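Enquirer:
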Amino acid sequence: MEGQGGRRRRLVLVPYPFQGHITPMLQLGTILHSKGFSITIALSQFDFPDTSNHPDFVFLPLSNDSLYRFNDPDDIDRLEELPCIIFDSLMYSAEAVALHLKLPSIIFRTGCATFALSFYVCPKIQKEGYTPFRASKSLELVPEFHPLRFKDLPVFKLKNVDEFLQHVTTITNLRTSGMIWNSIDCLEQSSLVQLCPKLQVPIFLIGPMHKLAPAPSSSLLEEDRSCISWLNKQTEKSVLYVSFGSMATMEEKEVAEMAWGLANSKQPFLWVLRPGSVRMSESVDLLLDDFKESVGERGCIVKWAPQKEVLAHSSVGGFWSHCGWNSTLESVSEGVPMICRPFSGDQKIISRYVSHVWRVGIELENVIERGEIERAIKLLMVEKEGEEIRQRAADAKLELQLSVQKGGSSYNSLNELVEFIVSV
Ligand code: UDP
Numbered sequence: 008m009e010g011q012g013g014r015r016r017r018l019v020l021v022p023y024p025f026q027g028h029i030t031p032m033l034q035l036g037t038i039l040h041s042k043g044f045s046i047t048i049a050l051s052q053f054d055f056p057d058t059s060n061h062p063d064f065v066f067l068p069l070s071n072d073s074l075y076r077f078n079d080p081d082d083i084d085r086l087e088e089l090p091c092i093i094f095d096s097l098m099y100s101a102e103a104v105a106l107h108l109k110l111p112s113i114i115f116r117t118g119c120a121t122f123a124l125s126f127y128v129c130p131k132i133q134k135e136g137y138t139p140f141r142a143s144k145s146l147e148l149v150p151e152f153h154p155l156r157f158k159d160l161p162v163f164k165l166k167n168v169d170e171f172l173q174h175v176t177t178i179t180n181l182r183t184s185g186m187i188w189n190s191i192d193c194l195e196q197s198s199l200v201q202l203c204p205k206l207q208v209p210i211f212l213i214g215p216m217h218k219l220a221p222a223p224s225s226s227l228l229e230e231d232r233s234c235i236s237w238l239n240k241q242t243e244k245s246v247l248y249v250s251f252g253s254m255a256t257m258e259e260k261e262v263a264e265m266a267w268g269l270a271n272s273k274q275p276f277l278w279v280l281r282p283g284s285v286r287m288s289e290s291v292d293l294l295l296d297d298f299k300e301s302v303g304e305r306g307c308i309v310k311w312a313p314q315k316e317v318l319a320h321s322s323v324g325g326f327w328s329h330c331g332w333n334s335t336l337e338s339v340s341e342g343v344p345m346i347c348r349p350f351s352g353d354q355k356i357i358s359r360y361v362s363h364v365w366r367v368g369i370e371l372e373n374v375i376e377r378g379e380i381e382r383a384i385k386l387l388m389v390e391k392e393g394e395e396i397r398q399r400a401a402d403a404k405l406e407l408q409l410s411v412q413k414g415g416s417s418y419n420s421l422n423e424l425v426e427f428i429v430s431v
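By the numbering used here, the letter at position 212 of the sequence shown is numbered 219, and the numbering carries on one by one without gaps.
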């Protein structure tokens, strides 16, 4: 993808500095690099993944006191052959940089389209008397947003409704040339039909991105690969993989219920217990001594796993997840059925979609309790009752495979995106 003078055209990609945002942005970089662009990643130095895994990218450190903003647009101005800035929707300030430099910009949304639609639905229902930022327990369906219930709407840790609505306004008012989404037409059709006319810019749905071009690891924590050797010793589809992503935290009591639910299910499991994921507890090892003795070799516990490789492993037959969008796409892409335990943000929406729209998983609705966990694991992994869920998960994998193959929706959308970047 050459500019004047035969040099590759350069794109600056600006991720939000969290794992669930950095990973898809680096995937996007890998995909666009394979299409002939040079890639610069602008990111706070605190949050650099192992740059040696990405020798083709230039990493542009944002100064530490400007973790979420650019102080000096000239950092980017100096880059030659720059046709466009692509920024995570949470990195609002990149829009001003693009305007300052008179460059086109494109938003990259790392979450699902249905979550974005909720940004339009929430202000509307707020006018009708509902307070969107407060956790609801209501099972009532949200008008014009089925099958979501009020309790599935996103909850943000914000001070008040005004702050929430300001956040919504900022995101929905960003003036860019286009939007890229790590999603797939077939997964979110009904939301997209409602959302697209509101956005008024071209939209490019190119998910699941990790299947469009294999990207190297972008983990901020070190991956413990010993779990792959452990998985190699297990029988096909026997293992439940358990991970709640990079941010969720739990009470010690919940972890204990999880542990005994896993133990009592008698199913092999690979459990990621991230450091800091158990509130008020320095060491998860101390907490779990008894339980470890009881499960022995049937359980493998690591601090961080090479998750995409784990989910693609033939021994894995289920994923107990917090329903982060990346984790969900990674699971659905591999045909792995899910147990959903959402925490915050978009996770309750995604959980509802997994369990009631795509129907490739089940949701743990109540307080985390060992008996319920044991039943959910057995249903998902072995019992006849779970057979249809397992079959739908396998079918969804095939559908997503088609979307990234030649002629598929994401494949075509990527080609359109490349043409668009060159033309804006
Ligand atoms: N992940 C990983 N190893 C782990 C746990 C998570 O590589 O042990 C990755 C996972 O593959 C996904 C990302 O971390 O790409 C988590 O993103 P997600 O959107 O699922 O959740 P978040 O961390 O943003 O809550």
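For each residue, glycine too, the CB sits at the ideal point set by N, CA and C. Since we're looking at a predicted model, the values are computed, not measured.
Restricting to Cα atoms, I'd like to know which of SER184, ARG286, CYS129 is closest to ALA263.
Expert: Position 256 of the sequence shown, counted from the first residue, corresponds to residue 263. It is ARG286 whose Cα lies nearest to the Cα of ALA263.
Enquirer: Which residues does DSSP pair with LEU148 in a beta bridge?
Expert: In the sequence shown, counting from the first residue as 1, residue 148 sits at position 141. Paired residues: ARG156.
Enquirer: Does the separation of the CB atoms of ILE29 and SER225 fall below 7 angstroms?
Expert: Mapped onto the sequence shown, residue 29 falls at position 22. Mapped onto the sequence shown, residue 225 falls at position 218. Yes, Cβ-Cβ distance for ILE29 and SER225 is below 7 angstroms.
Enquirer: If you draw a straight line from the C-alpha of ILE4 to the C-alpha of PRO209, how long is it?
Expert: Residue 4 cannot be examined here, being either before or after the span of the chain that is shown, 8 to 431.
Enquirer: Please specify which runs of the beta strand (DSSP E), each continuous and at least 3 residues long, are wholly inside the region 94-121, giving them in chain order.
Expert: The region 94-121 contains these whole beta strand (DSSP E) runs: 112-116.
Enquirer: Can you tell me whether CYS307 is helix, strand or coil according to DSSP?
Expert: As a first step, residue 307 must be located in the sequence shown, where it is residue number 300. If DSSP states are grouped into helix, strand and coil, CYS307 belongs with the strands.
Enquirer: First and last residue of the alpha helix (DSSP H) that includes THR58?
Expert: Counting from one through the sequence shown, the residue named residue 58 turns up at place 51. Looking at the DSSP string, THR58 is not in any alpha helix (DSSP H), and its letter there is neither H nor E.
Enquirer: VAL361: beta carbon under 6 angstroms from a heavy atom of ligand 1?
Expert: As a first step, residue 361 must be located in the sequence shown, where it is residue number 354. Answer for VAL361: no, Cβ out of range of ligand 1.
Enquirer: Helix, strand or coil, according to DSSP, for SER125 in the structure here?
Expert: The residue given as residue 125 occupies position 118 in the sequence shown. DSSP places SER125 in helix when its eight states are reduced to three.
Enquirer: Is the region 300-319 in contact with the region 186-199, if contact means three or more CB pairs nearer than 8 angstroms?
Expert: No, the region 300-319 does not touch the region 186-199.
Enquirer: Taking LEU407 and VAL302 to be in contact with their CB atoms under 8 angstroms, please state how far apart those CB atoms are, rounded to whole angstroms.
Expert: Locating residue 407 in the sequence shown gives position 400, where the first residue counts as 1. Locating residue 302 in the sequence shown gives position 295, where the first residue counts as 1. In fact, because the Cβ distance is near 33 angstroms, the residues do not count as touching under 8 angstroms.
Enquirer: Is the beta carbon of SER358 within less than 6 angstroms of some heavy atom of ligand 1?
Expert: Within the sequence shown, the letter at position 351 stands for residue 358. Result no, Cβ not under 6 angstroms from ligand 1.
Enquirer: I need the straight-line Cα distance from SER417 to GLU426, nearest angstrom please.
Expert: By 1-based counting over the sequence shown, the position of residue 417 is 410. By 1-based counting over the sequence shown, the position of residue 426 is 419. Going by the C-alpha atoms only, they are around 14 angstroms apart.
Enquirer: Looking at THR30 and ligand 1, is the gap between the Cβ and the nearest heavy atom below 6 angstroms?
Expert: Stepping through the sequence shown from its first residue, residue 30 is reached at position 23. Checking every heavy atom of ligand 1 against the Cβ of THR30, one is found closer than 6 angstroms.
Enquirer: Take the Cβ of PHE53 as the centre, count every other Cβ of all protein chains shown within 10 Å, and call the residue buried at 16 or more, exposed below.
Expert: Position 46 of the sequence shown holds residue 53. That one is exposed.
Enquirer: In the DSSP output, which residue or residues are listed as bridge partners for TRP267?
Expert: Taking the sequence shown and counting its residues from 1, one reaches residue 267 at position 260. According to DSSP, which records beta bridges pairwise, TRP267 is partnered with nothing at all.
Enquirer: To which residues of the same chain is ASP63 closer than 6 angstroms at the C-beta, ignoring the five residues directly before and after it?
Expert: Locating residue 63 in the sequence shown gives position 56, where the first residue counts as 1. Contacts found: HIS40.
Enquirer: Out of GLY378, GLY331, ARG377, point me to the one whose CA is closest to SER358's CA.
Expert: Working through the sequence shown from its first residue, we reach residue 358 at position 351. Checked all of GLY378, GLY331, ARG377; the closest Cα to SER358 is GLY331.
Enquirer: Only counting the same chain, and skipping five residues up and downstream in sequence, which positions put a Cβ closer than 6 angstroms to that of HIS320?
Expert: Here residue 320 is taken as the residue at index 313 of the sequence shown, counted from 1. Only LEU238 meet the Cβ criterion.
Enquirer: Beta-carbon separation of THR121 and SER198 under 7 angstroms?
Expert: For this step, residue 121 is matched to residue 114 along the sequence shown. For this step, residue 198 is matched to residue 191 along the sequence shown. Yes, they are a contact pair.
Enquirer: Identify whether SER236 lies in helix, strand or coil by the three-state DSSP scheme.
Expert: The sequence position of residue 236 within the sequence shown is 229, counting from 1. DSSP places SER236 in helix when its eight states are reduced to three.
Enquirer: Sorry if obvious, but does the Cβ on TRP332 come closer than 6 angstroms to a heavy atom of ligand 1?
Expert: Mapped onto the sequence shown, residue 332 falls at position 325. True, at least one ligand heavy atom lies under 6 angstroms from that Cβ.
Enquirer: Residues in the same chain with beta-carbon distance under 6 angstroms from SER73, minus the five sequence neighbours each way, listed in chain order, please.
Expert: For this step, residue 73 is matched to residue 66 along the sequence shown. Bear in mind that a pLDDT of 46 at SER73, under 50, signals an unreliable position, so the number given afterwards is only what the model happens to contain. Answer for SER73: no residue qualifies.
Enquirer: Could you check whether the Cβ of MET254 sits closer than 6 angstroms to any heavy atom belonging to ligand 1?
Expert: As a working note, residue 254 is residue 247 in the sequence shown. Checking every heavy atom of ligand 1 against the Cβ of MET254, one is found closer than 6 angstroms.
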